[in-house]
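Residue numbers (this note's numbering): 100 to 421. Here a beta-carbon is modelled for each residue, glycine too, at the ideal position from N, C-alpha and C. Shown next, in structure tokens, is the structure this report addresses.
Here it is in structure tokens:
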């Protein structure tokens with residue numbers, strides 16, 4: 100087992116997981132995927148084979164001869180956004196202990212490049228992509244607040260690099276697990292300040308308190324801030340790709356990340372286009388990844404949805420909100 104992939108999801112995000120797996124198949128990935136989840140198994144994976152690993156139930160779903168998904172029933176009070184490094188660590192020490200590399204992807208990502216590239220990329224160092232909110236200058240007030248807060252723990256941060264990365268994707272070779280350990284440690288020190296790691300910067304019952312949620316609040320991005328701080332505290336090699344890597348600006352994409360809400364599987368495209376919001380590349384690619392090898396919808400529905408996406412794109416050629 101050279102490389103495994105993992106993701107985390109709950110609720111309707113299972114639709115994103117399936118489309119992501121289909122995109123992996125399209126671009127040549129073969130192997131095991133670990134999907135940690137809260138709630139229920141996806142309806143398309145009900146025939147999975149059940150087993151136990153430690154005290155976690157694993158449900159293994161064979162997608163085809165090349166890909167298996169191991170659904171891991173999670174027992175954590177953390178918001179899933181904050182559980183990423185812990186899940187990576189658990190996999191490296193547990194069911195994926197024979198893997199050399201583990202990649203984490205958010206369930207709203209569609210792969211857009213050959214998998215062979217990723218295998219080579221992770222050999223250069225920890226792999227990350229720049230976030231839409233990047234850059235942050237070295238003396239940005241949020242970075243200065245990070246330095247001030249962590250100085251009390253005698254943690255010196257190198258924050259000279261201006262790039263700010265997105266936590267929706269990371270690739271780690273086993274030799275670089277120190278970055279994962281550092282990420283966990285940073286989050287544990289941030290947790291008490293934000294009201295616990297059950298809180299995250301998303302709408303809902305577990306969202307951040309107002310004083311921690313502002314654009315200039317130092318830890319308002321929780322896991323993402325923690326990852327960037329961890330990179331500044333760790334002395335290993337990190338290989339960065341710019342915003343184009345996630346399709347957040349023009350250029351050669353490696354993946355497409357559906358930031359924000361609603362997600363591609365919930366967008367009403369005609370309504371959006373009449374409001375001046377055209378379908379994004381990730382929206383179009385999502386609806387091309389919903390039928391094989393995992394079939395999410397019947398063919399007629401997929402055809403209708405694809406037609407609506409194309410109509411929305413056509414309207415967007417003439418009417419776009421400034």
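Query - Integer-rounded CB distance, given that residue 362 should sit under 8 angstroms from residue 115 - result: Taking 8 angstroms as the upper bound for CB-CB distance, residue 115 and residue 362 are in contact here, some 6 angstroms apart.
Query raised in the report: Alpha carbon to alpha carbon, how far is residue 328 from residue 212?
Result: Residue 328 and residue 212: Cα-Cα distance of roughly 28 angstroms.
Query raised in the report: Just checking my contact of residue 347 with residue 231 at CB under 8 angstroms: how many whole Å lie between their CB atoms?
Result: A Cβ-Cβ distance of about 5 angstroms is found for the pair residue 347 and residue 231, placing them in contact under the 8 angstroms criterion.
Query - Classification of residue 222 by the beta-carbon crowding that lies within 10 angstroms, buried from 16 upward - result: It is exposed - the Cβ of residue 222 has fewer than 16 other Cβ atoms within 10 Å.
Query - Closest Cα partner of residue 166 within the set 128, 137, 200 and 141 - result: For residue 166, the closest C-alpha among the options 128, 137, 200 and 141 is that of 128.
Query - Per-residue DSSP class, three states only, for residue 357 - result: For residue 357, the three-state secondary structure derived from DSSP is coil.
Query - residue 146 (DSSP reduced to helix, strand or coil) - result: Coil, per DSSP.
Requested in this report: Drop a sphere of 10 angstroms on the beta-carbon of residue 298, count the other beta-carbons inside from all chains shown, and report buried for 16 or more, exposed for fewer.
Outcome: The residue is buried, with at least 16 neighbouring Cβ atoms inside 10 Å.
Report task. Kindly indicate which residue of 393, 402, 412 and 413 has the alpha-carbon position closest to the one of residue 120. Result -> The candidate whose alpha carbon is nearest that of residue 120 is 393.
Query raised in the report: If residue 229 and residue 263 are in contact, beta carbons under 8 angstroms, what's the gap, nearest whole angstrom?
Result: That pair is a contact at about 7 angstroms.
Report task. Assuming residue 209 and residue 266 form a contact by the criterion Cβ under 8 angstroms, report the distance between their Cβ atoms to the nearest whole angstrom. Result -> No, residue 209 and residue 266 are not in contact; Cβ-Cβ is about 17 angstroms, not under 8 angstroms.
Query - Cβ separation of residue 350 and residue 378, assumed to be a contact under 8 angstroms, to the nearest whole Å - result: The distance from the Cβ of residue 350 to that of residue 378 is about 19 angstroms, inconsistent with a contact at the 8 angstroms cut-off.
Query - Distance, residue 205 Cα to residue 291 Cα - result: Their Cα atoms are separated by approximately 25 angstroms.
Query raised in the report: Which whole-angstrom value describes the C-beta separation of residue 133 and residue 108, a residue pair presumed to lie in contact below a C-beta threshold of 8 angstroms?
Result: Not quite, the Cβ-Cβ distance comes to about 12 angstroms (not below 8 angstroms), so this is no contact.
Query - DSSP three-state assignment for residue 327, whether helix, strand or coil - result: Look at residue 327 here: in three-state DSSP terms it is helix.
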